[in-house]
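Here the structure is laid out as structure tokens; the discussion comes afterwards.
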Amino acid sequence: MAGRYLVNFDTRELETVQCAFLILGSGIAGLYTAHLAGRYFNDVVVLTKRGIDDTATEKAQGGIAAAVGPSDSPTLHYEDTLFAGSNLCEPEAVRILVNEGPGRIQELIGLGAEFDRADGRLDLTREGAHTRRRILHAAGDATGAEIQRVLSTTVRSNHRIKVLENHFAVDLLTAGGVCWGVLTWDKARERLAVFRAGVVVLATGGAGQVYRETTNPGVVTGDGIAMAYRAGAEVMDMEFVQFHPTVLAVRGVRRFLISEAVRGEGGALLNAKGERFMPRYHPQAELAPRDVVVRAILREMEAEGSECVFLSLRHLDPAAVRGRFPTITERLARNGLDLALDLIPVSPAAHYFMGGVKTGLHGETNLKGLYACGEAACVGVHGANRLASNSLLDGLVFGGRILEHARASPLGPMDYSAAGRDLGPPEGVHVPSLREELQALMQEHVGPVRTAAGLEKALKRFEDWGWIRGREAGTPEAMELRDMLDVAQLITEAALMRNESRGGHYRSDYPLSCERWKKHIILRRQV
Ligand code: SIN
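Going by the working numbering, the first residue of the sequence shown is number -13, and it counts up by one from there.
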């Protein structure tokens, strides 16, 4: 399906910047990797398509999970992660995550991250499918903003690291199975450029924007995954998309995450009749794995003919609620809702992408010189369904491990050139309406409940758009659309192949998990 490049170009005619270590993306995975790379490489460059802090990390509320509590252990965290992952986690990757995680968090604290404390000890909360309180949080519900602040400051103050904002990564440059650089679009100067590097790290995040309803910021359009696929990298577990159960659902108001920690602190889910329903669905009730809560909510909405369910904290101390969740309180107040006293209308929205560019345990991909980490990557640590608050930890642990590998085998910049010349003019592609249609199709047919008929319908439509791939993507918006189309098609194809239900992938025509599908789907473009 995917064409190789988004634009016509010839690298010999473009400005070329050379660096040793190039990172695409400025969330937790990208910036932490940059920070470590700055120890070993003199010239590290971070490219980010908007501002350094325009990331999904910055929006993260609930926190970061790690076995640091007195009654906890990496073994318990390992077991919870495997259980949530529905028998599809890679056990060695999970073992690394839970054992190396606490040390990475200590390092973050050493850099200045201030996590909330009670009586001098780290204050830990609970979220779905965790059997222990093990979620560190900051400023109540602004954990991501604190981590972003610390890492942005750290990276910006390191003279070996250069951050270039408003640089859109268009395509990876490869030859003979080696990635040697990136073709970029400099938004300020409105021109293409080449960045050559011995090591290229994709930390571009997930793809929430392929859905109409998502918690992800507008920048999260699957760019890294799409460009890696076009370049011949393997992608894995593309069918597994996690929907978050409780996202503010008020008509005309932008979707806004209501952290799972709200349920962790006692919040109850009520249907339109005012009944608490989760105990009917799962012994862990509101703290069941996310996919279970999402489907329960959808069933209640259908049964009651309602557009949402409600989160209620009315039985809790109002001052404690407002103090614990200041960001959510403030945001709801702007819409005339009181978190402590009102019933808060919520419904599920796309939140996290378990799949991505397939990597080994040090972020290495099947293309030499190309690494991936964070939500853009798939090392198998989340299986079919990520355990809440494991994603920030994943970014730290597996971002950090890239330096163990890339440092040991640095590749010198090589004298390659590349060109893409066969694309037609961009006429006829109306980007905003195609983007909207794509999001609506994904929402309707490739959402939390899927069927073969719906998936085939979506795929057919994506195939009808094949002609777009023969046209140049002349603007960053058009490039994003192409990336979204590539990723949407990969999700849909994998979802159609997997004739079973597991974790975040639910097929109402195959509602059970089956032993034969206890395996990953790995896709690769033939180049
Ligand atoms: C939340 O705060 O509910 C999100 C946490 C996560 O997705 O890990």
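We put the beta carbon where it would ideally sit given N, CA and C, even for glycine.
- Under a 10 Å Cβ-count criterion, V513 is classified as exposed, with fewer than 16 other Cβ atoms of the shown protein chains found around its own Cβ.
- The alpha-carbon of A15 is positioned some 43 Å away from that of K259.
- Beta-bridge annotation (DSSP): P331 is paired with F296.
- The Cβ neighbour count for D105, taken over all protein chains shown within 10 Å, is under 16; the residue is labelled exposed.
- Around the beta-carbon of A6, 16 or more other beta-carbon atoms lie within 10 Å, marking it buried.
- A52 is a Cβ neighbour of R120, given a cutoff of 8 Å.
- Boundaries for G130: no beta strand (DSSP E) harbours it, while the alpha helix (DSSP H) harbouring it runs 129 to 142, taken from the DSSP string.
- Those residues placing their Cβ nearer than 5 Å to any heavy atom of the ligand SIN are, following chain order, Q47, G48, S245, E246, A374, S375.
- Between the C-alpha atoms of L424 and V367 there is a straight-line separation of about 29 Å.
- In the displayed model, M264 falls within a helix according to three-state DSSP.
- In this structure, the alpha-carbon of A179 lies about 6 Å from that of L169.
- With respect to the C-alpha of E422, the residue from T201, V196, L256, F263 having the closest C-alpha is V196.
- In the structure shown, R(-2) adopts helical secondary structure according to DSSP, grouped into three states.
- Around L389, the same chain offers T19, L22, A23, R25, Y26 as residues with beta carbons nearer than 8 Å, after the five sequence neighbours per side are excluded.
- Around the beta carbon of R281, 16 or more other beta carbons lie within 10 angstroms, which makes this residue buried.
- Membership of K446 in the alpha helix (DSSP H) is indicated by the continuous run 438 to 450.
- With contacts defined as CB atoms closer than 8 Å, N371 and F226 qualify as a contacting pair.
- When DSSP assignments are scanned along the stretch 3 to 83, the uninterrupted stretches of alpha helix (DSSP H) that are 4 or more residues long and fall wholly within it turn out to be 14 to 26, 42 to 45, 60 to 70.
- With 16 or more other Cβ atoms from the protein chains shown falling within 10 Å of its own Cβ, K35 counts as buried.
- Per DSSP, reduced to three states, the secondary structure at R310 is helical.
- Straight across, the Cα-Cα distance linking V141 with E151 is about 13 Å.
- At the C-beta level, A115 and A274 come within 8 Å of one another.
- With respect to E272, R249 sits close: the two C-beta atoms are nearer than 8 Å.
- For E132, the closest of L8, G49, P331 by C-alpha to C-alpha distance is G49.
- Distance from the CA atom of V30 to the CA atom of K148, rounded to whole angstroms, is 6 Å.
- Taking 8 Å as the cut-off, the Cβ atoms of L297 and I330 count as close.
- CA-CA distance, H153 to L327, rounds to 44 Å.
- Residue burial is scored here from C-beta neighbours: K344 has at least 16 other C-beta atoms within 10 angstroms and is therefore classed as buried.
- Out of L509, A306, E288, V156, the CA that lies nearest to the CA of M465 is found in V156.
- Looking from the CA of P418, the closest CA among H301, R198, L378 belongs to R198.
- In terms of CA proximity to R310, I244 leads the group I244, S292, A374.
- Residue pairing by DSSP places Q228 opposite Y338 in a beta bridge.
- Under the DSSP assignment, G369 falls outside any alpha helix (DSSP H); it carries neither an H nor an E label.
- Measuring C-alpha to C-alpha distances from G452 to each of V415, L158, Q4, G192 identifies V415 as the nearest.
- Distance between R320 and R237, taken at the CA atoms: about 14 Å.
- Separation of the CB atoms of A374 and E246 is rounded to 5 Å, and the pair is thereby assigned contact status at 8 Å.
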